[in-house]
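Asks: Sharing a structure below in structure tokens format, with a few things to ask.
Residue numbers (the numbering used here): 80 to 697.
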């Protein structure tokens, strides 16, 4: 299903796009900070303290997942039911007197119960009267009243979590005005206002030049970076999280599946052992992956959120990314780019065709009569495979208390468990895996806390306590960028051979549906359907570059495929192979001054030789 009306369009003339909260702003000249910001609000004279800039996070987590949806990188009190240590920072206040305080926050689970994400703010050791995280369900500025500051100079701000259940805040604002007009819903105004008050607006945008720029640091992006670097390219790898690995990282903890194909020498440096999903053994694989990336010679940019691009003559010429902590923007130029974001952000921003949802089974002959609509529908729809949030608990010889969580019960219902698995997954036809990512993640948190609370009601579980709950959602499917070929179910099940094959896999075609569709009471558990392909199948290079943007390749789950076509090669080692193919292709683009399409038509044998599909010619 195609949603082209949602994309921000860039013309083929030279133009820049800055994306703020899903809103695309275009310009004919390179933008600085505060692009599109025209506010003359009195609030510009106050003091802004961004959550991401706090000097000491304490036990709070810096959550960067939803920057494009809500306009910030917020701190999250993810304590699994136990209040986390205070986040603290200092700020310079220019004069003594009465200062009014606002906090940008939300009540993430509003209802007829005590709000789960409550917290307080202390100024110079004195708590404000207000409790935060208890008002509106959406992001907003909540008033904290006023406080008297006795003298100018450094003031300490401390944010105290009261519950351990994922309270969150994006920023704190101090003002001598009692009713400042604060930007909120207009994320362009909000971001420009933040850039102005932080002083970033006075800085030039730093520019860096590379042979290839890769956005997305999961298995696909890491594979692409290592392959490109092995050919001597100057490579930038931009990742929005502080560590690399994506779904395989210690933040999400899904073990890698699929085969290495011809990419074993690269994938063995970044993949995982077959540990139980959610296990702490993921930390050991993370150490290996981080060491491999650090030693590779790739220019690494962890903690950087892509936020825009420049396009000229149907080519991307630069990509912008913000440092998640400082807000500083870097502009990355290169002759070729690789979208390994999973959500297809570069293609989406650049106006490339993409698909989201399930195709009608007649489009690619993808029906499986045994499972009917659960496999592939008669009419295209918005359903996709969902997001998982993994978790586990542990048992010792002591009794452990777990709080009552009435706010989680509407999701958990009567379900009880002491651990999750891959099938703890949420997708809804009315929710978008990109736009509604925060809501989807939060739904899974309610499922986890509610089911564990149910389990704790049984005396046999008195000695169980939560050990680890992820707060980063592991997505399976969202946007799929369209290339010169759309990979479908029959390519895998008929094991079609391609002259431009660059990836090999043998895992069953494996798609998921929510069990609620077949009558189960809860909506956060899925079931997998496996279609045996009978052996190895291949993915052609034509699925790994955009048909619309001349110098954009894609690797991973945003490659060119149907919904069912994704279900086989979506596993991480196959995605890593895609990354390797695009990394080597980037080397040939530089070597031959060619586009990816030209590499596929004119230099495909050389590409396949680099990968290992063909013997090098003597």
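Note that the Cβ used here is the ideal one computed from N, Cα and C, for glycine as well. Computed from a prediction, not measured in an experiment: that's the story for all the values here.
Taking 7 angstroms as the cut-off, decide whether the C-beta atoms of residue 142 and residue 155 are in contact.
Replies: By one-based count along the chain shown, residue 142 stands at place 63. By one-based count along the chain shown, residue 155 stands at place 76. Yes, Cβ-Cβ distance for residue 142 and residue 155 is below 7 angstroms.
Asks: Out of 437, 662, 185 and 696, which one is the CA nearest neighbour of residue 568?
Replies: Here residue 568 is taken as the residue at index 489 of the chain shown, counted from 1. For the residues 437, 662, 185 and 696, the minimum Cα distance to residue 568 belongs to 437.
Asks: Taking just the CA atoms, how far does residue 664 sit from residue 684?
Replies: The residue labelled residue 684 in the question sits at position 605 within the chain shown. The residue labelled residue 664 in the question sits at position 585 within the chain shown. For residue 684 and residue 664, the distance between alpha carbons rounds to 11 angstroms.
Asks: Please report how far the alpha carbon of residue 153 lies from the alpha carbon of residue 247, in whole angstroms.
Replies: Taking the first residue of the chain shown as 1, we reach residue 153 at position 74. Taking the first residue of the chain shown as 1, we reach residue 247 at position 168. Taking the straight line joining both Cα atoms gives about 6 angstroms.
Asks: If you draw a straight line from the alpha carbon of residue 160 to that of residue 216, how long is it in whole angstroms?
Replies: Numbered from 1 along the chain shown, position 81 holds the residue referred to as residue 160. Numbered from 1 along the chain shown, position 137 holds the residue referred to as residue 216. Their backbone Cα atoms lie some 20 angstroms apart in a straight line.
Asks: Would you list the one or two residues that DSSP bridges to residue 409?
Replies: The residue labelled residue 409 in the question sits at position 330 within the chain shown. DSSP output for residue 409 lists 285 and 400 as bridge partner(s).
Asks: Considering only DSSP beta bridges, list what residue 168 is partnered with.
Replies: Looking up residue 168 in the chain shown gives position 89. DSSP output for residue 168 lists 236 as bridge partner(s).
Asks: Should residue 282 go down as buried or exposed, given a rule of 16 or more other Cβ atoms within 10 Å for buried?
Replies: Walking along the chain shown from the start, residue 282 turns up at place 203. Exposed, by the Cβ-count rule.
Asks: Where residue 695 and residue 616 are concerned, what is the direct C-alpha to C-alpha distance, given to the nearest angstrom?
Replies: The residue given as residue 695 occupies position 616 in the chain shown. The residue given as residue 616 occupies position 537 in the chain shown. One C-alpha to the other measures close to 23 angstroms.
Asks: Is the segment 485-499 in contact with the segment 666-686, if contact means three or more CB pairs nearer than 8 angstroms?
Replies: Short answer: they don't touch.
Asks: So, with DSSP's three-state summary, where would you put residue 527?
Replies: By 1-based counting over the chain shown, the position of residue 527 is 448. In this structure, residue 527 counts as helix in the three-state DSSP scheme.
Asks: Among the residues of its own chain, which have a CB less than 6 angstroms from the CB of residue 249, if the five just before and after it don't count?
Replies: Your numbering for residue 249 matches position 170 in the chain shown. Around residue 249: 130, 151, 153 and 183.
Asks: Look at the alpha carbon of residue 121 and the alpha carbon of residue 256, and state the distance between them as a whole number of angstroms.
Replies: Here residue 121 refers to the residue found at position 42 of the chain shown. Here residue 256 refers to the residue found at position 177 of the chain shown. Here the model assigns residue 121 a pLDDT of 40, short of 50, so the residue's position is not dependable, and the following value carries that caveat. Approximately 8 angstroms between the Cα atoms of the pair.
Asks: For residue 95 and residue 289, which I take to be in contact (beta-carbon distance under 8 angstroms), what is that distance rounded to the nearest angstrom?
Replies: For the purposes of this step, residue 95 is taken as the residue at position 16 of the chain shown. For the purposes of this step, residue 289 is taken as the residue at position 210 of the chain shown. About 18 angstroms separates the two Cβ atoms, so there is no contact after all.
Asks: Quick one: measure Cβ to Cβ for residue 304 and residue 415, integer angstroms, because I've assumed they're closer than 8 angstroms.
Replies: If you number the chain shown from 1, residue 304 lands on position 225. If you number the chain shown from 1, residue 415 lands on position 336. Not a contact, Cβ separation roughly 13 angstroms.
Asks: Mind checking which residues open and close the alpha helix (DSSP H) that includes residue 372?
Replies: In the chain shown, the residue the question calls residue 372 occupies position 293. Its alpha helix (DSSP H) spans residues 361-373.
Asks: Taking residue 309 as part of the alpha helix (DSSP H), name the residues at either end of that continuous run.
Replies: Stepping through the chain shown from its first residue, residue 309 is reached at position 230. From DSSP, the alpha helix (DSSP H) with residue 309 extends over 298-309.
Asks: Give me, in chain order, the residues of the same chain whose beta-carbon lies closer than 8 angstroms to that of residue 446; leave out the 5 immediate sequence neighbours on both sides.
Replies: Residue 446 sits at position 367 when you count from the first residue of the chain shown. The answer, listed in chain order, is 440, 454 and 455.
Asks: Please classify residue 480 as buried or exposed, where buried requires at least 16 other C-beta atoms within 10 Å of its C-beta.
Replies: Here residue 480 refers to the residue found at position 401 of the chain shown. That one is exposed.
Asks: Spell out a yes or no on whether the segment 344-359 and the segment 595-606 are touching, meaning 3 or more CB-CB pairs, one atom from each, closer than 8 angstroms.
Replies: They do not touch, by the three-pair rule.
Asks: I'd like the list of long-range same chain contacts for residue 320, defined as Cβ closer than 6 angstroms, with 5 residues on each side in sequence excluded.
Replies: Taking the first residue of the chain shown as position 1, residue 320 is located at position 241. The answer is none, since no qualifying residue turns up.
Asks: In chain order, which continuous runs of the alpha helix (DSSP H) of length 4 or greater are located wholly inside the segment 129-185?
Replies: Complete alpha helix (DSSP H) runs here, min 4: 146-149.
Asks: Are there 16 or more other CB atoms within 10 angstroms of the CB of residue 536, so buried, or fewer, so exposed?
Replies: Numbered from its first residue, the chain shown carries residue 536 at position 457. Residue 536 comes out exposed.
Asks: Applying the 10 Å Cβ sphere with the 16-neighbour rule, what's the burial state of residue 262?
Replies: Walking along the chain shown from the start, residue 262 turns up at place 183. The residue in question, residue 262, is buried, as its Cβ has 16 or more Cβ neighbours within 10 Å.
Asks: Going by DSSP, what residue range makes up the alpha helix (DSSP H) through residue 676?
Replies: By one-based count along the chain shown, residue 676 stands at place 597. Residue 676 -> alpha helix (DSSP H) spans 675-681.
Asks: For residue 600, does the three-state DSSP call read helix, strand or coil?
Replies: Numbered from its first residue, the chain shown carries residue 600 at position 521. DSSP places residue 600 in coil when its eight states are reduced to three.
Asks: Alpha carbons only, please: which of 397, 435, 237 and 211 is nearest the one belonging to residue 560?
Replies: Working through the chain shown from its first residue, we reach residue 560 at position 481. Selected option, being the one with the closest Cα: 435.
Asks: What residue range is occupied by the uninterrupted alpha helix (DSSP H) comprising residue 643?
Replies: Numbered from its first residue, the chain shown carries residue 643 at position 564. Segment 642-645, the alpha helix (DSSP H) holding residue 643.
Asks: Could you give the distance in angstroms between the alpha-carbon of residue 443 and the alpha-carbon of residue 586?
Replies: As a position in the chain shown, residue 443 is number 364, starting the count at 1. As a position in the chain shown, residue 586 is number 507, starting the count at 1. Each residue's alpha carbon lies about 20 angstroms from the other.
Asks: Count the other CB atoms within 10 Å of the CB of residue 387; is the residue buried (16 or more) or exposed (fewer)?
Replies: Indexing the chain shown from 1 puts residue 387 at position 308. Buried: at least 16 other Cβ atoms inside 10 Å.
Asks: Starting from the C-beta of residue 650, find all residues in its chain whose C-beta is less than 6 angstroms away, skip the five residues before and the five after it, and write them out in chain order.
Replies: Start at 1 with the first residue of the chain shown, and residue 650 comes out as number 571. Only 336, 337 and 586 meet the Cβ criterion.
Asks: Does the distance from the C-beta atom of residue 306 to that of residue 662 stay below 7 angstroms?
Replies: In the chain shown, counting from the first residue as 1, residue 306 sits at position 227. In the chain shown, counting from the first residue as 1, residue 662 sits at position 583. Yes, they are a contact pair.
Asks: What do you reckon, are the CB atoms on residue 582 and residue 656 nearer than 7 angstroms?
Replies: Locating residue 582 in the chain shown gives position 503, counting from the first residue. Locating residue 656 in the chain shown gives position 577, counting from the first residue. Going by C-beta atoms, residue 582 is nearer than 7 angstroms to residue 656.
Asks: May I have a chain-ordered list of the alpha helix (DSSP H) segments no shorter than 4 residues that lie completely inside the segment 650-675?
Replies: Listed in chain order, they are 651-671.
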